[in-house]
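Undergrad: Per my numbering, the very first residue in the sequence shown carries number 54; after that it's consecutive.
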Amino acid sequence: MITFLSGGTGTPKLVRGARRHVPDHAITVIVNTAEDLWISGSHLSPDIDTLLYLFSGDLNTDTWWGMKGDSFQTHQELIRLGVDEYIGIGDRDRALHIARGELLRKGFSLTEATQILSSRMGIEASILPMTDEEVTTLIRTDTSTIHFQEYWVKHRGTLPIREILRYAPTGPSAGAGVIKAIQSADRVIIGPSNPITSILPILECSGVIPALVDSFVIAVSPFIGNAPVSGPAAALMHARGLSPDSASTFSLYKDFCDLFVQDIRDPVTVSGSFRCDTLMTDEGKSAALAEALIKTIK
Ligand code: GDP
């Protein structure tokens with residue numbers, strides 16, 4: 054069994070490739086939930102949604118969010134009615150958010166709701182929220198403190214970041230099955246997800262780091278040189294006092310990482326790293342990278 058730690062783009066691209074080599078039922082993905090929010094009355098869990106759609110075959114792999122071929126009529130109508138729905142939610146995508154919101158309102162945990170929805174969508178992989186508790190990444194700007202989605206989607210990442218805050222009133226402890234999924238995996242793969250907003254929230258769930266220390270862990274850098282392949286990771290690394298590169302990424306993972314993977318083009322040196330082509334520009338390249346990682350000898 055392979056267990057991945059995932060955000061909503063870099064690792065899902067790798068998971069897509071891994072599916073060519075490993076059956077879905079042998080894949081577990083522990084997913085960041087620190088970007089979740091209730092919006093327009095339903096529950097958006099951006100990274101879980103991406104994984105659900107990846108495994109159900111519905112994912113829009115041009116954007117790595119939402120369902121392919123979706124329409125946006127409800128979103129447009131809500132905007133017309135003055136609702137500040139600053140995230141473009143597709144009509145079919147919204148149905149999933151409504152269904153999850155209903156399950157959560159009935160008292161199911163996020164893990165249970167994800168399991169129920171996975172099974173209804175015919176998914177054989179195990180998609181595990183990192184926690185069942187509330188965790189939110191907040192961005193403090195010069196004028197206010199806002200949800201990460203508001204920073205990235207509404208303001209398109211243009212506001213200067215003064216501080217990154219994690220609101221987690223009750224913990225958080227790892228979700229049901231998370232620690233076991235790490236302990237029982239042949240290998241744990243931290244794909245090239247954003248270290249600050251996707252992977253650190255998972256590492257902050259109690260019990261996760263000790264379990265990783267005892268496991269064989271491979272981590273892939275999302276940086277080439279001093280820039281991420283995509284997204285706001287550079288500004289977020291700077292806000293944490295880190296340079297946006299592979300060396301800083303490794304410094305965050307070094308206590309439990311057995312094999313660190315850097316792109317063949319990356320000019321930054323991390324001693325002992327494994328060099329690969331990590332640019333997953335299509336499914337074939339994702340599959341080649343996944344195969345190289347699956348074949349590595351412990
Ligand atoms: P988010 O939840 O949408 O922010 O997505 P993730 O945190 O899962 O992934 C975002 C990170 O993926 C960014 O920092 C990118 O640099 C990285 N990324 C995206 N595509 C690739 C790729 O093909 N190769 C590598 N090495 N990194 C990638």
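By construction, the Cβ of each residue, glycine as well, lies at the ideal position given by its N, Cα and C atoms.
Would V273 be called buried (16 or more neighbouring beta carbons within 10 Å of its own) or exposed?
TA: Locating residue 273 in the sequence shown gives position 220, where the first residue counts as 1. Per the 10 Å Cβ criterion, buried.
Undergrad: Considering only heavy atoms of ligand 1, does any lie closer than 8 Å to the CB of A340?
TA: Working through the sequence shown from its first residue, we reach residue 340 at position 287. No, since every heavy atom of ligand 1 falls outside the 8 Å radius drawn around the Cβ of A340.
Undergrad: For Y306, does the count of other Cβ atoms within 10 angstroms reach 16, so buried, or fall short, so exposed?
TA: Translated into the one-based positions of the sequence shown, residue 306 becomes position 253. Burial call: buried.
Undergrad: Which partner residues does W91 have in the DSSP bridge list?
TA: Here residue 91 corresponds to residue number 38 of the sequence shown, with the count starting at 1. Looking at the DSSP assignment, W91 forms a beta bridge with H96.
Undergrad: Using three-state DSSP, classify A300 as helix, strand or coil.
TA: The residue given as residue 300 occupies position 247 in the sequence shown. The answer is helix: DSSP assigns A300 an H, G or I state.
Undergrad: Under 9 Å, do G228 and T164 count as touching if we go by C-beta distance?
TA: By one-based count along the sequence shown, residue 228 stands at place 175. By one-based count along the sequence shown, residue 164 stands at place 111. Contact flag set, yes.
Undergrad: Classify M54 as helix, strand or coil using the three-state DSSP reduction.
TA: Taking the sequence shown and counting its residues from 1, the one referred to as residue 54 is at position 1. The answer is coil: DSSP assigns M54 none of H, G, I, E or B.
Undergrad: For W91, is the classification buried or exposed, using 16 other Cβ atoms within 10 angstroms of its Cβ as the cut-off for buried?
TA: Counting from 1 along the sequence shown, the entry for residue 91 is found at position 38. Exposed is the call here.
Undergrad: When DSSP labels each residue in this structure, what does T127 get in the three-state scheme?
TA: Position 74 of the sequence shown holds residue 127. Three-state DSSP puts T127 in a helix.
Undergrad: Taking 8 Å as the cut-off, is the C-beta of E88 nearer than that to any heavy atom in ligand 1?
TA: Along the sequence shown, one-based indexing puts residue 88 at 35. True, at least one ligand heavy atom lies under 8 Å from that Cβ.
Undergrad: How about the segment 316-323 and the segment 254-263: do they share at least three Cβ pairs that are nearer than 8 Å?
TA: Output reads no: the segment 254-263 does not touch the segment 316-323.
Undergrad: Is the distance from the Cβ of A340 to the Cβ of R73 below 9 Å?
TA: Numbered from its first residue, the sequence shown carries residue 340 at position 287. Numbered from its first residue, the sequence shown carries residue 73 at position 20. Yes, they are a contact pair.
Undergrad: Would you call the segment 154-170 and the segment 216-231 touching, i.e. three or more CB-CB distances under 8 Å?
TA: They touch, by the three-pair rule.
Undergrad: Which same chain residues end up closer than 8 Å to P281 when comparing Cβ atoms and leaving out the 5 residues on each side of it in sequence?
TA: If you number the sequence shown from 1, residue 281 lands on position 228. Cβ neighbours of P281 beyond the five flanking positions: N247, P275, A287, P297.
Undergrad: Are M174 and F108 closer than 9 Å when you measure CB to CB?
TA: The residue you call residue 174 lines up with position 121 of the sequence shown. The residue you call residue 108 lines up with position 55 of the sequence shown. For M174 and F108, yes; Cβs fall inside 9 Å.
Undergrad: If you check the beta carbons only, do T211 and F201 fall under 9 Å apart?
TA: Sequence index remark: in the sequence shown, residue 211 carries index 158 (1-based). Sequence index remark: in the sequence shown, residue 201 carries index 148 (1-based). For T211 and F201, no; Cβs fall outside 9 Å.
Undergrad: On the CB-based measure, 16 or more other CB atoms within 10 Å of its CB, does R209 come out buried or exposed?
TA: The count along the sequence shown starts at 1 and reaches residue 209 at position 156. Exposed: under 16 other Cβ atoms inside 10 Å.
Undergrad: Tell me whether D330 is buried or exposed, calling it buried when 16 or more other Cβ atoms sit within 10 Å of its Cβ.
TA: Taking the first residue of the sequence shown as position 1, residue 330 is located at position 277. Per the 10 Å Cβ criterion, exposed.
Undergrad: Below 8 Å on the Cβ atoms is my contact criterion, and I expect V46 with L181 to pass it. Report the Cβ-Cβ distance as a whole number of Å.
TA: A question about residue 46 goes unanswered here, because the residues of the chain that appear run from 54 up to 351.
Undergrad: Would you check whether ligand 1 has a heavy atom nearer than 8 Å to the C-beta of I179?
TA: On the sequence shown, residue 179 is found 126 positions in, with the first residue counted as 1. At residue 179 the sequence reads Ser, which differs from the Ile that was named. False, no ligand heavy atom lies under 8 Å from that Cβ.
Undergrad: Quick one: which unbroken alpha helix (DSSP H) runs of 4-plus residues sit fully inside the segment 223-283? Chain order, please.
TA: DSSP runs (the alpha helix (DSSP H)) wholly in the segment 223-283: 231-236, 253-256, 261-266.
Undergrad: Would you mind reading off the limits of the beta strand (DSSP E) that contains H208?
TA: Stepping through the sequence shown from its first residue, residue 208 is reached at position 155. H208 -> no beta strand (DSSP E), and no H or E assigned at all.
Undergrad: How many angstroms separate the CA atom of E257 from the CA atom of R219?
TA: In the sequence shown, counting from the first residue as 1, residue 257 sits at position 204. In the sequence shown, counting from the first residue as 1, residue 219 sits at position 166. Whole-angstrom Cα-Cα distance: 10 Å.
Undergrad: Could you check what DSSP says for T81 in three-state terms: helix, strand or coil?
TA: On the sequence shown, position 28 is the one that residue 81 refers to. Looking at T81 - three-state DSSP - the assignment turns out to be strand.
Undergrad: What does L181 pair with, by DSSP beta-bridge criteria?
TA: Sequence index remark: in the sequence shown, residue 181 carries index 128 (1-based). Its beta-bridge partners are I83.
Undergrad: Compute the Euclidean distance between the alpha carbons of V241 and I252, then round it to the nearest angstrom.
TA: For the purposes of this step, residue 241 is taken as residue 188 along the sequence shown, with counting starting at 1. For the purposes of this step, residue 252 is taken as residue 199 along the sequence shown, with counting starting at 1. Near 13 Å, if we compare the C-alpha coordinates of I252 and V241.
Undergrad: In chain order, what residues of the same chain lie with their CB nearer than 7 Å to the CB of S299, ignoring the 5 residues before and after it?
TA: Here residue 299 refers to the residue found at position 246 of the sequence shown. Same-chain partners within the cutoff: S274, F276, Q315, D319, V321, V323.
Undergrad: In the DSSP assignment, what are the bridge partners of L218?
TA: Within the sequence shown, the letter at position 165 stands for residue 218. Beta-bridge pairing links L218 to L191.
Undergrad: Can you tell me which of the three DSSP states D144 falls into?
TA: As a working note, residue 144 is residue 91 in the sequence shown. Reduced to three states, the DSSP call for D144 is helix.
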